[in-house]
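**Q** First the structure, which I've put down as structure tokens, then a few questions once you've had a look.
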Amino acid sequence: MSKVLQSIVLLAVLSNTVFASDMVWTNSASNNLWVDANNWNPKDTPKLIYQDKAKIVRLAPNDARLNAGHTGECQWLVIGDNASGELTLNGGTLNISGVADSWAIIAYGSTDVGILTVNDGTITTSNRVFVGFQGNGTINMNGGTMNIGGTFGIGYGEGFTTGRGTVNLAGGTINVAGTFTMSSPAGCVGKLDITGGTLNLTGDKRSVVEGYIANGYIVAYNGLGIVNVAYDEVKTIVTGAVDPTRAKVPYPANNAADAPPYAVLTWIPGYATTHDIYFGTDANAVRDATIATTGIYQGSQPLGMESFEPSGLELGKKYYWRIDEVNNTELYKGNLWQFTVADFALVDDFEKYADTAAMSASWANGSTGATLSLAATGGHNKAKTMKLDYNNSAAPYYSEAQIIDADFDWTGAGVQAIDIWYKGNAANSAAAMYAALDDKNGNPIAVITNSDADAVKAADWTVWRIALSDFAGVNLSNVSKFYVGVGSRSNPVSGGSGTVYFDDIGLYPPRCIEKPLEDLNDDCIVDFKDFAIMARNWLLNSPM
70 MSKVLQSIVL
80 LAVLSNTVFA
90 SDMVWTNSAS
100 NNLWVDANNW
110 NPKDTPKLIY
120 QDKAKIVRLA
130 PNDARLNAGH
140 TGECQWLVIG
150 DNASGELTLN
160 GGTLNISGVA
170 DSWAIIAYGS
180 TDVGILTVND
190 GTITTSNRVF
200 VGFQGNGTIN
210 MNGGTMNIGG
220 TFGIGYGEGF
230 TTGRGTVNLA
240 GGTINVAGTF
250 TMSSPAGCVG
260 KLDITGGTLN
270 LTGDKRSVVE
280 GYIANGYIVA
290 YNGLGIVNVA
300 YDEVKTIVTG
310 AVDPTRAKVP
320 YPANNAADAP
330 PYAVLTWIPG
340 YATTHDIYFG
350 TDANAVRDAT
360 IATTGIYQGS
370 QPLGMESFEP
380 SGLELGKKYY
390 WRIDEVNNTE
400 LYKGNLWQFT
410 VADFALVDDF
420 EKYADTAAMS
430 ASWANGSTGA
440 TLSLAATGGH
450 NKAKTMKLDY
460 NNSAAPYYSE
470 AQIIDADFDW
480 TGAGVQAIDI
490 WYKGNAANSA
500 AAMYAALDDK
510 NGNPIAVITN
520 SDADAVKAAD
530 WTVWRIALSD
540 FAGVNLSNVS
550 KFYVGVGSRS
560 NPVSGGSGTV
570 YFDDIGLYPP
580 RCIEKPLEDL
590 NDDCIVDFKD
600 FAIMARNWLL
610 NSPM
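As structure tokens, then:
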């Protein structure tokens, strides 16, 4: 082999290894243009020849944009990668391809937000596209064309379980040559809302699409319309259409998994002068019921009364319902809707408050030594949490948060315990933590003290479980106030200061309040069943 040829081969190898780069979007030129090298680090636009990865890690107004007449390319595209990002295609073309492998991922990391908006132009990929890989990914398809050469995953983590993917198909066309998958694996959530535009899937994918429709993953017009599925011997065509005749937009939303136990069902009417209401716990029975079906048929209501309050909803149980729209000439049979009641009744998780002022309309310090504020980050299960700064150096020598103007019945839905999640700090001054209940019947306030004397020093989120029966003397069906606090409410003495966070306060059905360490099968009882588990594990793990 000649030296010239050897040099050419060596250069080709080096070009595939040395020059491959992560091209990070900066918008340093402040013009949002993909085609401007000054907007990238390093300062060059991504190139297919170098196998570049384009990393879009800025949200609007610093998002990346391709406009009419522009061309962009890369082997890998990630929108949101350890930082949130946004890409807008107003025209032009974007080519994402590679000889061996290629992909486009929207919201790579679990805390990332990734947004792709297509208003016009064409995106072509040679391989897979994942929307909501680990984080929260969205495609807003308003026009143009997406040609996806491999798998199209919406809420698809390829092993990860935290992905949240949404595709709003309002216009344009998405063509998919490979597999179409949603909400996989378990834990990931995908949604496709079609309000215009077309999704084309190569081959006969009707059963897959219809399954996703049944599960509520694919809707039309945010649940107002009908998803149409057709097959033309080459591809499966998915579109949306408005159905003005049927009841729509149910609350709780179809397939809701955390409906409150005191939910009032509502809907938007179709063509109706009256509504026939069907409700029960058996899907087939509710689907097939008529006005003669006792126990399922709940009666008729006139137009203008689009709500129904079921009684006796049980925690953790699934329910089905249907609304038939009736007028003088037609009956429009409703879709079968379903929801599952949450396995707890929420008292407060603080997510509904926009700021401290909003929270102060529901929670007060009762003229104690507490300063209450809403922390926007760092909550137990979600972002927000209540911050209680306590100072017990002055009268009344205790600090608390109390719900204002409560009106609770804590005897329904089988609830028998309350969970309070809290977190403190090792630097906090020592003090007791307490919870208390008051009623409207004039009974003495019942106060329960946390058995952990160092609860205010807990560095991690910790759950405090209290049996409602421990609040002795209080009428649980007529609760007027709920308190959480630091110090001694019944025997106050001067103390120190610190900060405690409270979150996810909820009511639960019967459960172990203090689970025995030796309880191996989670039935709250230490017996021969636990011994059998211990013996089996000993035999499996002991050397022979």
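Taking the numbering used here, the leading residue of the sequence shown gets 70, the next gets one more, and so forth. Where a beta carbon is used, it is the ideal one built from N, C-alpha and C, also for glycine.
#1: Report back the beta-carbon spacing between K124 and V147 to the nearest angstrom; my notes put them in contact at under 8 Å.
#2: In the DSSP assignment, find the beta strand (DSSP E) that holds A505 and state where it starts and stops.
#3: Look at the Cβ atom of A495, then the Cβ atom of K526, and state whether they are nearer than 7 Å.
#4: Per DSSP, what are the beta-bridge partners of L102 in this structure?
#5: According to the Cβ coordinates, are Y389 and Q407 closer than 7 Å?
#6: Grab the span of the beta strand (DSSP E) containing M251 for me, first residue to last.
#7: Any idea what DSSP makes of E279, helix, strand or coil?
#8: Let me know the secondary structure DSSP gives L128 once reduced to three states.
#9: Which of the three DSSP states is assigned to R197 in this structure?
#10: If you draw a straight line from the alpha carbon of E67 to that of T271, how long is it in whole angstroms?
#11: Just to confirm before moving on: does the CB-CB distance between T440 and D458 stay below 7 Å?
#12: Could you give the DSSP three-state label for S166: helix, strand or coil?
#13: If you follow the beta strand (DSSP E) that A486 is part of, which residue opens it and which one closes it?
#14: From the DSSP output, which residues share a beta bridge with W109?
#15: Whole angstroms are fine: how far does the CA of I282 sit from the CA of N397?
#16: Alpha helix (DSSP H) containing N353: first to last residue?
#17: Leaving out five residues before and five after T446 in sequence, what residues of the same chain have Cβ atoms less than 6 Å from its Cβ?
#18: Would you tell me roughly how many angstroms separate the C-alpha atoms of W336 and T342, rounded to the nearest one?
#19: Name the two residues that bound the continuous alpha helix (DSSP H) containing T480.
#20: Buried or exposed, going by whether 16 or more other CB atoms sit within 10 Å of the CB of M374?
#21: Between A463 and G542, what straight-line distance do the alpha-carbon atoms span, to the nearest angstrom?
#22: Which term fits V288, buried or exposed, when burial requires 16 or more other beta carbons within 10 angstroms of its beta carbon?
#23: Could you spell out the range, first to last residue, of the alpha helix (DSSP H) harbouring M428?
#24: Pull up the distance between the alpha-carbon of N151 and that of F348, whole angstroms please.
#25: Measuring alpha carbon to alpha carbon, tell me which residue in G154, L117, N205 and Q144 is nearest T95.
#26: In the DSSP assignment, find the beta strand (DSSP E) that holds A348 and state where it starts and stops.
#27: Considering only the alpha carbon of each residue, which of A137, D573 and V278 lies closest to N450?
#28: Counting pairs of beta carbons, one from the segment 249-260 and one from the segment 223-230, are three or more of them closer than 8 Å?
#29: For D418, which of T454, R134 and D412 has the nearest alpha-carbon?
#30: Just checking my contact of L117 with C143 at CB under 8 Å: how many whole Å lie between their CB atoms?
#31: Helix, strand or coil: how does DSSP classify G212 here?
#32: Quick check: I208 and L163, are their CB atoms within less than 7 Å of each other?
#33: Can we say the segment 364-372 touches the segment 316-328, given the rule of at least three CB pairs closer than 8 Å?
#34: Applying the criterion that 16 or more other CB atoms from any shown protein chain within 10 Å of the CB defines a buried residue, is V307 buried or exposed?
**A** Taking the definition as stated:
#1: About 5 Å; that satisfies the 8 Å criterion.
#2: From DSSP, the beta strand (DSSP E) with A505 extends over M502 to D508.
#3: Against a cut-off of 7 Å, the Cβ pair of K526 and A495 comes out as a contact.
#4: In the DSSP secondary-structure assignment, L102 is bridged to R134.
#5: Yes, Cβ-Cβ distance for Y389 and Q407 is below 7 Å.
#6: Boundaries of the beta strand (DSSP E) around M251: F249 to S253.
#7: Three-state DSSP puts E279 in a helix.
#8: Coil, per DSSP.
#9: Reduced to three states, the DSSP call for R197 is strand.
#10: With the chain covering only 70 through 613, there is no way to say anything about residue 67.
#11: Yes, the Cβ-Cβ distance between T440 and D458 is below 7 Å.
#12: DSSP places S166 in coil when its eight states are reduced to three.
#13: That run of the beta strand (DSSP E) goes A486 to K492.
#14: Answer by DSSP bridge pairing, in chain order: W94.
#15: Per the coordinates, the alpha-carbon of N397 lies some 31 Å from the alpha-carbon of I282.
#16: Its alpha helix (DSSP H) spans residues A352 to D357.
#17: Result list for T446: A452, in chain order.
#18: Each residue's alpha carbon lies about 14 Å from the other.
#19: Membership of T480 in any alpha helix (DSSP H) is not indicated, and neither H nor E is assigned to it by DSSP.
#20: Label assigned to M374: exposed.
#21: Cα-Cα distance, rounded: 30 Å.
#22: Residue environment analysis places V288 among the buried positions, since at least 16 neighbouring C-beta atoms fall within 10 angstroms of its C-beta.
#23: DSSP places M428 in the uninterrupted alpha helix (DSSP H) bounded by T425 to M428.
#24: Spanning the two alpha carbons is a distance of roughly 46 Å.
#25: Ranking the options by Cα distance to T95, first place goes to G154.
#26: Note that residue 348 corresponds to Phe in the displayed sequence, not to Ala. Per DSSP, the unbroken beta strand (DSSP E) holding F348 starts and ends at T343 to G349.
#27: Here the closest residue by C-alpha is D573.
#28: Counting Cβ pairs under 8 Å, three or more are found: they touch.
#29: It is T454 whose Cα lies nearest to the Cα of D418.
#30: Rounded to the nearest angstrom, the Cβ distance from L117 to C143 is 7 Å, consistent with a contact under 8 Å.
#31: Of the three classes helix, strand and coil, the one that applies to G212 here is strand, per DSSP.
#32: No, the pair does not count as a contact, with Cβ atoms beyond the cut-off.
#33: Output reads no: the segment 316-328 does not touch the segment 364-372.
#34: By the 10 Å Cβ count, V307 comes out buried.
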